Amino acid sequence: MPDHMPDDLSASGRDLRAFTDALRPRHRVVRNVGGEWVLLGHDLVVEAARDDVRFSSAVSRHLQVPNGIDGERHAAYRRALDVFLGADALAPHHAQFRRIAAGLVASLPRDEAVDAVSAIGVRFAVRAQCAWLGWPASLEGRLVDWVAENHVATRSGDRDRTRRVAEEFDAIIQSVLAPRRAAGADAPDDVTTRLMRTTVDGRPLDDPEIVSVLRNWTGGDLGSIAQCVGVLLHHLATHPELQQRLRDGVDDDAFDAVIDEILRIDNPFVSNRRITTCPVDIGGVTLPEGARVKLNWTSANRDEAVFGDPDAFDPARNAPHNLVYGIGRHACPGRLLATLELRIVLRELLAATRSITLDPLQPAERAVAPVGGWAHVRVLLASPAG
Ligand code: HEM
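With the numbering used here applied, the sequence shown corresponds to residues 459 to 844, in that order.
Below you can see the structure in the form of structure tokens.
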């Protein structure tokens, strides 16, 4: 399983954000029922994320490239892989993402409830990702089912179920690798083929490494993008003046700053894990060597000590402290891709509507721990006048 997916079971069945909001003023570090130490304060999360020597990312016995690897080996993977997610590599995909977003938005019903998470977020994320990686559009149904099952399995905490979801994912990945291997030099020149030909320190990536990278890219993309779309549309539907400002036209940088700030306020990508390599004093607590630690980004992004009122929307003021994409050596390499996809789908939605409002008949439902953000946000899309 990608370490990526929020997996904090400490508050099962409760709105995790409200739960950590209530805890944080009294406790900067808490221990959850699973025995993990959860860092809630912004300063502590930053300290641990930056200290990758004492807070190791080697938390899983499974290979996780690059997120489960430390030190120089991790840096070598990042050098080889980050190029896929840089501005130049993404530039050829802009038009493709726009076409996908426009097609999806055109297909959505007007003036009747549409779930922003499943009908917009998941669909867009899956289609955009298939296009980015060069995967066949026929995988859409299987990937959509996988996202839904992955959510359920993550929430259930049931290891067998989680293993089955991971196996299904591996099967999907094998189905895209096998034809490329068979085609050899004639394989299509796309991101997946290029990844298969990537070398790290002069050596080609082996099969488990390729599968792991694709699993992390996909885990990062599908679940998180869909949850982010839910959070963003909920915020815009409940802040019509901001919605109108974006619809009237702001440049890409200003648009991206709005996205980052909305996600700071309600960060659906809840936490990542670390393990201590020696005893560590943090937040007035001494963690033993081998302590399992969670960096709770959602809580850190709402820390009153840094942001004052955590719900006060102020992109310029809060950007330097925003932890939505992490910090330190493991900070998200997919940030540009994520922001690009989110901006494109929101711009298409805003351009094609007069207003986006919440469905008054079906209140939005919070996702329950370990998933952050919203489980369902039913919105009404009003056609432009005339
Ligand atoms: C949609 C919103 C996304 C959010 C909020 C997000 C957030 C994060 C965060 C907080 C981390 C830091 C993990 C840590 O310190 O342990 C991270 C790492 C990572 N993200 Fe994302 N991410 C997103 C999208 C993506 C996308 C689209 C991709 C790639 C296609 C991606 C790939 C990765 C990878 C591979 C890592 C591990 C980096 C490392 O350990 O060096 N993410 N992400």
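Where a beta carbon is used, it is the ideal one built from N, C-alpha and C, also for glycine.
Computed from a prediction, not measured in an experiment: that's the story for all the values here.
Rank 770, 811 and 831 by C-alpha distance to the C-alpha of residue 565 and give the top, closest one. Position 107 of the sequence shown, counted from the start, is the residue given in the question as residue 565. Measuring from the Cα of residue 565, the nearest candidate turns out to be 811.
Cβ contact check for the region 748 to 761 and the region 483 to 499: 3 or more pairs under 8 angstroms: yes
Let me know if residue 854 comes out buried or exposed under the rule of 16 or more other beta-carbons within 10 Å of its beta-carbon. In this structure the chain extends from 459 to 844, so residue 854 is not present and cannot be described.
Return the chain-ordered list of same chain residues with a C-beta closer than 7 angstroms to the C-beta of residue 830, the five sequence neighbours on each side being excluded. Counting from 1 along the sequence shown, the entry for residue 830 is found at position 372. So the list reads 464, 474, 475, 685, 725, 726, 727, 728 and 756, once near-sequence residues are dropped.
If we ignore side chains and look at the alpha-carbon of each, how far apart do residue 791 and residue 599 end up? Residue numbering aside, residue 791 sits at position 333 when the sequence shown is read from its first letter. Residue numbering aside, residue 599 sits at position 141 when the sequence shown is read from its first letter. Taking the straight line joining both Cα atoms gives about 27 angstroms.
For residue 761, count neighbouring Cβ atoms within 10 angstroms of its own Cβ and tell me buried if that reaches 16, exposed if not. What you label residue 761 is simply residue 303 of the sequence shown in a count that begins at 1. It is buried - the Cβ of residue 761 has at least 16 other Cβ atoms within 10 Å.
Give me whichever residues DSSP pairs with residue 657 in a beta bridge. In the sequence shown, residue 657 corresponds to position 199, counting from 1. 662.
Member of 808, 788, 804 and 801 whose CA lies at the smallest distance from the CA of residue 507: For the purposes of this step, residue 507 is identified with residue 49 of the sequence shown, where counting begins at 1. The option with the nearest alpha carbon to residue 507 is 788.
Considering only their Cβ atoms, is the gap separating residue 597 from residue 650 smaller than 7 angstroms? If you number the sequence shown from 1, residue 650 lands on position 192. If you number the sequence shown from 1, residue 597 lands on position 139. It is not a contact, given that the beta carbons lie outside the stated cut-off.
Is it right to say residue 795 is buried, meaning 16 or more other beta carbons lie within 10 angstroms of its own, or is it exposed? Walking along the sequence shown from the start, residue 795 turns up at place 337. Classification for residue 795: buried.
Out of 633, 632, 541 and 688, which one is the CA nearest neighbour of residue 581? Residue mapping note: residue 581 aligns to position 123 of the sequence shown, counting from 1. The shortest C-alpha separation from residue 581 is found at 688.
Mind checking whether the beta-carbon of residue 713 lies closer than 6 angstroms to any heavy atom of the ligand HEM? For the purposes of this step, residue 713 is taken as residue 255 along the sequence shown, with counting starting at 1. False, no ligand heavy atom lies under 6 angstroms from that Cβ.
What residues are listed by DSSP as bridge partners for residue 751? For the purposes of this step, residue 751 is identified with residue 293 of the sequence shown, where counting begins at 1. Answer is 495 and 732.
Alpha helix (DSSP H) segment containing residue 590, residue limits: If you number the sequence shown from 1, residue 590 lands on position 132. Its alpha helix (DSSP H) spans residues 581 to 591.
Length of the line joining the Cα atoms of residue 712 and residue 801: Within the sequence shown, the letter at position 254 stands for residue 712. Within the sequence shown, the letter at position 343 stands for residue 801. Computed Cα separation, rounded: 11 angstroms.
Which of the three DSSP states is assigned to residue 612 in this structure? Here residue 612 corresponds to residue number 154 of the sequence shown, with the count starting at 1. Residue 612 falls in the helix class under three-state DSSP.
Is the separation between the beta-carbon of residue 526 and that of residue 515 shorter than 7 angstroms? Locating residue 526 in the sequence shown gives position 68, where the first residue counts as 1. Locating residue 515 in the sequence shown gives position 57, where the first residue counts as 1. In this structure, residue 515 lies closer than 7 angstroms to residue 526 by Cβ.
Considering only DSSP beta bridges, list what residue 816 is partnered with. The residue labelled residue 816 in the question sits at position 358 within the sequence shown. Partner(s): 837.
Taking all protein chains shown into account, do 16 or more other C-beta atoms lie within 10 angstroms of the C-beta of residue 522, making it buried, or fewer, making it exposed? Here residue 522 refers to the residue found at position 64 when the sequence shown is read from its first residue. Burial call: buried.
Residues in its own chain within less than 6 angstroms of residue 704 by CB, not counting five upstream and five downstream? Walking along the sequence shown from the start, residue 704 turns up at place 246. If we look at residue 704 and ignore the five residues flanking it on each side, its Cβ neighbours are 808.
So, are the CB atoms of residue 781 and residue 754 less than 7 angstroms apart? Counted from its first residue, the sequence shown places residue 781 at position 323. Counted from its first residue, the sequence shown places residue 754 at position 296. Cβ atoms of residue 781 and residue 754: not closer than 7 angstroms.
Classify residue 573: buried if its beta carbon has 16 or more other beta carbons within 10 angstroms, exposed otherwise. Taking the sequence shown and counting its residues from 1, one reaches residue 573 at position 115. With 16 or more other Cβ atoms within 10 Å, it is buried.
What does the Cβ neighbour count give for residue 570, buried or exposed, with the cut at 16 atoms within 10 Å? The residue labelled residue 570 in the question sits at position 112 within the sequence shown. Under this definition residue 570 is an exposed residue.
heavy atom of the ligand HEM below 6 angstroms from residue 514 C-beta: Position 56 of the sequence shown, counted from the start, is the residue given in the question as residue 514. It does not: the Cβ of residue 514 is nowhere closer than 6 angstroms to a heavy atom of the ligand HEM.
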